[in-house]
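For reference, the structure discussed in these notes is given below.
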Amino acid sequence: VQLQASGGGLVQAGGSLRLSCAASGSTNSIIAIAWYRQTPEKQRELVAKITTGGATTYADSVKGRFTISMDSAKMTVYLQMNSLKSEDTAVYYCNAPGPFEEYDAWGQGTLVTVSS
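The sequence shown begins at 1 in our numbering and counts up by one.
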């Protein structure tokens, strides 16, 4: 499985961005895709996760502002980020763990910068 992340950029506080994570390869083995983020000051943290069954999980810090969704036909996961804050500034990575730990795929990271 290979993941291609895109959609990052510079936005003012209060604005919105949508990140995309397109999967390719053995996509029929994917059971979930997650978004993580990382800054130089913090460890990588889970932002949101969606299973192929549609179940979602969010970090407390983004609940009510971010929405994760999946287009199964395209095997693409989106992260709609609204009401962005300066503390959302980070490199965002998408991740797809293999169902039996046979792989752990990561996208290349996309930078989100929120100016205050």
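Cβ atoms here follow ideal geometry from the backbone N, Cα and C, with glycine treated the same way.
Anyone know if the C-beta pair for R37 and Y78 falls short of 8 angstroms? As a first step, residue 37 must be located in the sequence shown, where it is residue number 37. As a first step, residue 78 must be located in the sequence shown, where it is residue number 78. Going by C-beta atoms, R37 is not nearer than 8 angstroms to Y78.
If we ignore side chains and look at the alpha-carbon of each, how far apart do A23 and Q108 end up? Residue mapping note: residue 23 aligns to position 23 of the sequence shown, counting from 1. Residue mapping note: residue 108 aligns to position 108 of the sequence shown, counting from 1. One C-alpha to the other measures close to 12 angstroms.
Segments assigned beta strand (DSSP E), at least 3 residues, entirely inside the region 49 to 104: 56 to 58, 66 to 71, 76 to 81 and 90 to 97
Please report the straight-line C-alpha distance between E102 and N95, rounded to a whole angstrom. As a position in the sequence shown, residue 102 is number 102, starting the count at 1. As a position in the sequence shown, residue 95 is number 95, starting the count at 1. Per the coordinates, the alpha-carbon of E102 lies some 14 angstroms from the alpha-carbon of N95.
Given this structure, state the Cα-to-Cα distance separating P97 from T51, to the nearest angstrom. Taking the sequence shown and counting its residues from 1, one reaches residue 97 at position 97. Taking the sequence shown and counting its residues from 1, one reaches residue 51 at position 51. Approximately 11 angstroms, taken between the alpha carbons.
I'd like to confirm the pairing. Which residues does DSSP put opposite I33 in its beta bridges? Here residue 33 refers to the residue found at position 33 when the sequence shown is read from its first residue. Note: I33 sits in a beta bridge opposite I50.
On the CB-based measure, 16 or more other CB atoms within 10 Å of its CB, does A105 come out buried or exposed? As a first step, residue 105 must be located in the sequence shown, where it is residue number 105. Taking all protein chains in view, the Cβ of A105 is crowded by 16 or more other Cβ atoms within 10 Å, so the residue is classified as buried.
Do you know how far the Cα of K49 is from the Cα of A55? For this step, residue 55 is matched to residue 55 along the sequence shown. For this step, residue 49 is matched to residue 49 along the sequence shown. When rounded, the distance between both Cα atoms is 8 angstroms.
With distances taken between CB atoms, is the gap from L84 to G25 smaller than 8 angstroms? Counting from one through the sequence shown, the residue named residue 84 turns up at place 84. Counting from one through the sequence shown, the residue named residue 25 turns up at place 25. No, they are not a contact pair.
Exposed or buried, A73, counting other C-beta atoms within 10 Å across all chains shown (16 or more means buried)? Locating residue 73 in the sequence shown gives position 73, where the first residue counts as 1. Looking at its Cβ environment, which holds fewer than 16 other Cβ atoms inside 10 Å, A73 is exposed.
For T39 versus A90, is the C-beta spacing smaller than 8 angstroms? Taking the sequence shown and counting its residues from 1, the one referred to as residue 39 is at position 39. Taking the sequence shown and counting its residues from 1, the one referred to as residue 90 is at position 90. Yes, Cβ-Cβ distance for T39 and A90 is below 8 angstroms.
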